[in-house]
Amino acid sequence: MFRRHVAWRVFIEEVKRSRYVHEEEADGKTIRYLVSPFGALINRVFFVGTVTDVIESKERKSIKARISDITGVISIYAGEFQPDVYTFLKLLENEPTIVMLTAKIRIFEPEEGRKIPIIRPEWIKKAKLSDRNAWIIDVASSTIERLNYVRKIAENYGGELTDDVLMDMQIPFHYWKPLKLTFSYYTPEEILKEIEDYKALLADSLGYISDMMKLEIEEIEVEVEEPESEEEISPTEEYFEEEAFEKSKPSLEKVIIEAIKELDQGSGASWNAVVDHVHKMTGTSREVIEEVIEDLLTRAEIYEVSRGRLKAFS
Numbered sequence: 100m101f102r103r104h105v106a107w108r109v110f111i112e113e114v115k116r117s118r119y120v121h122e123e124e125a126d127g128k129t130i131r132y133l134v135s136p137f138g139a140l141i142n143r144v145f146f147v148g149t150v151t152d153v154i155e156s157k158e159r160k161s162i163k164a165r166i167s168d169i170t171g172v173i174s175i176y177a178g179e180f181q182p183d184v185y186t187f188l189k190l191l192e193n194e195p196t197i198v199m200l201t202a203k204i205r206i207f208e209p210e211e212g213r214k215i216p217i218i219r220p221e222w223i224k225k226a227k228l229s230d231r232n233a234w235i236i237d238v239a240s241s242t243i244e245r246l247n248y249v250r251k252i253a254e255n256y257g258g259e260l261t262d263d264v265l266m267d268m269q270i271p272f273h274y275w276k277p278l279k280l281t282f283s284y285y286t287p288e289e290i291l292k293e294i295e296d297y298k299a300l301l302a303d304s305l306g307y308i309s310d311m312m313k314l315e316i317e318e319i320e321v322e323v324e325e326p327e328s329e330e331e332i333s334p335t336e337e338y339f340e341e342e343a344f345e346k347s348k349p350s351l352e353k354v355i356i357e358a359i360k361e362l363d364q365g366s367g368a369s370w371n372a373v374v375d376h377v378h379k380m381t382g383t384s385r386e387v388i389e390e391v392i393e394d395l396l397t398r399a400e401i402y403e404v405s406r407g408r409l410k411a412f413s
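The opening position of the sequence shown corresponds to residue 100 in the numbering used here, with each subsequent residue numbered one higher.
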């Protein structure tokens with residue numbers, strides 16, 4: 100069954116510090132990832148930041164803008180194949196605007212050894228200051244979690260990074276592949292230096308909003324969820340699951356959106372609570388409900404205000 104690549108919640112500076120590109124073949128296509136020194140394998144990103152400096156090129160039928168967060172600035176691009184994004188950026192008229200977006204990363208290599216990430220939004224919407232603050236807290240928390248794991252491995256790294264080694268270190272399963280690739284491209288010495296530099300940058304960047312958001316970088320406590328075990332799905336089961344998903348989508352979408360609104364007390368509705376609520380109401384399998392939620396997120400009918408918390412647009 101098709102699964103869209105995870106849209107990583109990372110700060111802009113982490114994207115810019117990712118110096119290596121990893122390629123994989125899947126379904127006859129070449130997938131390219133940016134390999135971060137901090138244990139992220141990035142094909143798509145979810146940003147919340149301020150858009151400025153919109154420049155339209157009518158000859159090329161493209162538009163360029165800059166998006167900034169607390170760590171840096173990066174350019175985003177849209178062309179005739181992203182008409183909604185193109186129109187959205189054009190109508191901003193260079194008014195600084197807080198936005199949220201999901202984007203695909205393309206890697207442009209103008210010369211050997213030089214790689215430039217090209218950010219092409221798949222969708223973009225205006226956001227509130229509270230959305231930006233929640234995103235900062237979420238990204239800071241998940242980034243520090245990864246930094247801790249990467250540093251732990253780098254300080255104790257003595258050979259091949261196997262599944263057994265990662266299990267012994269109590270690294271969550273969903274980080275295994277990104278971490279293996281990080282340590283295949285970067286040396287432990289490079290990683291430790293990058294971590295110290297990046298930690299200092301985060302401390303400076305987060306300092307000015309720490310009082311406002313009650314955030315202290317050295318005191319963040321990260322709750323690590325146990326990774327769920329993946330069950331094998333037979334071809335027959337997969338067929339019927341896919342068929343059920345397609346048949347139930349239209350009616351389920353409305354139920355899910357209403358459930359999100361009902362359960363949202365201001366900071367978003369818990370993903371798991373929404374799934375449980377809709378399952379009890381409709382009897383639909385949790386797997387199908389999860390698929391519909393992912394589809395709604397992809398089409399920007401709903402969004403995650405922070406990791407695991409959903410909001411519906413009014």
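Ideal Cβ placement from N, Cα and C applies to all residues, glycine included.
| Asked | Found |
| --- | --- |
| If you reduce the DSSP assignment to three classes, tell me which class E329 lands in. | Here the model assigns E329 a pLDDT of 38, short of 50, so the residue's position is not dependable and the matter cannot be decided. |
| Please state if the CB of I206 and the CB of I175 are separated by a distance shorter than 8 Å. | no |
| On the DSSP letters alone, give me the boundaries of the beta strand (DSSP E) that D152 sits inside. | R143 to S156 |
| Go to T129, then tell me how far its beta strand (DSSP E) extends in each direction, as first and last residue. | K128 to V134 |
| Look up E403 in the DSSP assignment and say whether it is helix, strand or coil. | strand |
| Skipping 5 residues on each side, what residues in its chain have a beta carbon closer than 8 Å to that of I392? | I355, W370, V373, V374, I401 and L409 |
| Measure the Cβ-Cβ separation of I197 and A226 and say whether it is below 8 Å. | yes |
| In chain order, what residues of the same chain have a beta carbon less than 8 Å from the beta carbon of K189, not counting five sequence neighbours either side? | V153, E155 and I162 |
| Can you tell me where the alpha helix (DSSP H) with S229 in it begins and where it stops? | L228 to N255 |
| For the stretch 179 to 186 against the stretch 143 to 152, are there 3 or more C-beta pairs whose distance is under 8 Å? | no |
| What residues in its chain sit with their C-beta under 6 Å from that of I294, if we drop five residues either side in the sequence? | L246 and R250 |
| Could you give the C-beta distance for L278 and I270, rounded to a whole number, given that I count them as a contact under 8 Å? | 7 Å |
| At a threshold of 7 Å, does I236 count as lining the ligand COA (C-beta to nearest heavy atom)? | By its list of ligands, the structure shown contains no ligand whatsoever, and the ligand COA lies outside what it can speak to. |
| Grab me the residues of I254's own chain with a C-beta within less than 8 Å of its C-beta, minus the 5 sequence neighbours each way, in chain order. | The question names Ile, yet the displayed sequence has Glu at residue 254. Closer than 8 Å at Cβ, skipping near neighbours: P287 and L291. |
| Does DSSP classify L260 as helix, strand or coil? | coil |
| When you compare the CB positions of G367 and S405, do they come within less than 8 Å of one another, or not? | yes |
| When you compare each of L133, E352, G171 and K298 to K203 by their alpha carbons, which one comes out closest? | L133 |
| With C-beta atoms as the reference, is S167 less than 8 Å away from T281? | no |
| Here's the rule: buried if 16 or more other CB atoms are within 10 angstroms of the residue's CB, otherwise exposed. What is V273? | The amino acid at residue 273 is misidentified as Val; the sequence shows His. H273 comes out exposed. |
| Alpha carbon to alpha carbon, how far is A164 from E192? | 11 Å |
| Here's a check: name, in chain order, each residue in its chain whose Cβ is nearer than 8 Å to the Cβ of K346, leaving out the five neighbours to either side. | The predicted model places K346 with a pLDDT of 45, which falls under 50 and marks its position as unreliable; any figure quoted below should be read in that light. None. |
| In whole angstroms, what separates the C-alpha of P195 from that of E221? | 20 Å |
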